[in-house]
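Student: Here it is, the structure, as structure tokens.
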Amino acid sequence: MKDRVELLTERLRLRRARQGDAPVLFRNYTGAQNCSRFLQRRPHKDVAHTEAMLEKWCISAWNQADAPFSWVISTLDDDEPIGLFVVIPDGHKTEIHFGISERFWGRGLVAEAGQAAVSALWRSPDVQRIWTVCDVENTGSRRVLEKLGFRCEGTLHKWLVLPAFGNLARDCYVFASTSRRGVAGVE
Ligand SMILES: CC(C)(COP(=O)(O)OP(=O)(O)OC[C@H]1O[C@@H](n2cnc3c(N)ncnc32)[C@H](O)[C@@H]1OP(=O)(O)O)[C@@H](O)C(=O)NCCC(=O)NCCS
Numbered sequence: 104m105k106d107r108v109e110l111l112t113e114r115l116r117l118r119r120a121r122q123g124d125a126p127v128l129f130r131n132y133t134g135a136q137n138c139s140r141f142l143q144r145r146p147h148k149d150v151a152h153t154e155a156m157l158e159k160w161c162i163s164a165w166n167q168a169d170a171p172f173s174w175v176i177s178t179l180d181d182d183e184p185i186g187l188f189v190v191i192p193d194g195h196k197t198e199i200h201f202g203i204s205e206r207f208w209g210r211g212l213v214a215e216a217g218q219a220a221v222s223a224l225w226r227s228p229d230v231q232r233i234w235t236v237c238d239v240e241n242t243g244s245r246r247v248l249e250k251l252g253f254r255c256e257g258t259l260h261k262w263l264v265l266p267a268f269g270n271l272a273r274d275c276y277v278f279a280s281t282s283r284r285g286v287a288g289v290e
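Add 103 to a position in the sequence shown, counting from 1, and you land on the number used in this note's numbering.
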């Protein structure tokens with residue numbers, strides 16, 4: 104479990120969940136309408152939902168090799184939880200998802216978090232492909248993936264149903280990194 108460790112970047116901390124995270128993360132991210140627009144889930148309705156998610160993904164899963172888990176992304180200066188970096192291992196493939204509070208968008212923070220996370224994921228010898236999909240209209244996410252050195256492998260038509268857009272499935276780009284050498288920040 105070389106990946107399930109706390110990571111520090113210039114401005115951020117990627118860590119497991121701590122007591123008191125749920126209400127702040129709910130306000131900042133998991134309960135926010137705008138942050139969920141391009142996600143496969145609706146905004147959390149209450150703090151209890153976020154609490155349960157943190158317990159499962161950001162505490163229990165940290166002790167289980169190969170289980171899907173998530174880092175909490177917090178600010179380095181005051182350790183405010185502002186987002187999540189989700190990791191779903193599946194054999195040699197690892198899927199990622201990410202997001203932070205709208206208050207912090209546009210400062211290159213998710214790319215900074217992503218660089219640290221992807222470097223950590225590549226430390227696992229089993230990993231041969233790190234990948235994700237993003238909605239064709241999610242320009243911010245696409246830019247983050249490009250900054251990380253991921254390659255767009257094409258478009259998956261009618262791939263994701265995003266609750267914010269109703270039942271009609273949406274087109275998505277597939278982005279992947281298949282070599283640690285191609286990734287920004289990975290030696
Ligand atoms: C998408 C997201 C992760 C981007 O993170 P970020 O830290 O704000 O990203 P950056 O600051 O590196 O900005 C990304 C780039 O996209 C641009 N951008 C951001 N939102 C944009 C928008 N709505 N339209 C056009 N460009 C946009 C920024 O100007 C920036 O461009 P640049 O790198 O050329 O300067 C963030 O908006 C977020 O958390 N969204 C909610 C969750 C989400 O959608 N996650 C992705 C699911 S696939």
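In this text, a Cβ means the ideal position worked out from N, Cα and C, and glycines have one as well.
Quick one: complete beta strand (DSSP E) runs, 3+ long, within the region 177-218?
Tutor: Those beta strand (DSSP E) runs which fall completely within the region 177-218 and span 3+ residues are 184-193 and 196-203.
Student: Does the beta-carbon of Phe300, which I'm using as the reference point, lie nearer than 7 Å to any heavy atom of ligand 1?
Tutor: The chain is shown only over 104 to 290; residue 300 falls outside these bounds and no answer can be derived.
Student: Is the beta carbon of His153 less than 8 Å from the beta carbon of Ala125?
Tutor: Your numbering for residue 153 matches position 50 in the sequence shown. Your numbering for residue 125 matches position 22 in the sequence shown. Going by the sequence as given, residue 153 is Thr instead of His. In this structure, Ala125 lies closer than 8 Å to Thr153 by Cβ.
Student: Exposed or buried, Arg145, counting other C-beta atoms within 10 Å across all chains shown (16 or more means buried)?
Tutor: As a position in the sequence shown, residue 145 is number 42, starting the count at 1. The residue is exposed, with fewer than 16 neighbouring Cβ atoms inside 10 Å.
Student: Would you please state the rounded distance, in angstroms, between the beta carbons of Phe278 and Leu248? I believe it to be under 8 Å.
Tutor: In the sequence shown, residue 278 corresponds to position 175, counting from 1. In the sequence shown, residue 248 corresponds to position 145, counting from 1. Contact flag correct, Cβ pair sits at about 4 Å.
Student: Per DSSP, which residues does Val175 bridge with? Please list them.
Tutor: Start at 1 with the first residue of the sequence shown, and residue 175 comes out as number 72. Val175 pairs with Arg118 and Leu187.
Student: Touch check for the region 229-237 and the region 110-127: three-plus C-beta pairs under 8 Å?
Tutor: Touching, no.
Student: Are the CB atoms of Leu263 and Val236 within a distance shorter than 8 Å?
Tutor: For the purposes of this step, residue 236 is taken as the residue at position 133 of the sequence shown. For the purposes of this step, residue 263 is taken as the residue at position 160 of the sequence shown. Yes, the Cβ-Cβ distance between Val236 and Leu263 is below 8 Å.
Student: How many Å lie between Val175 and Arg130 at the Cα?
Tutor: As a working note, residue 175 is residue 72 in the sequence shown. As a working note, residue 130 is residue 27 in the sequence shown. Between Val175 and Arg130, the C-alpha separation is close to 14 Å.
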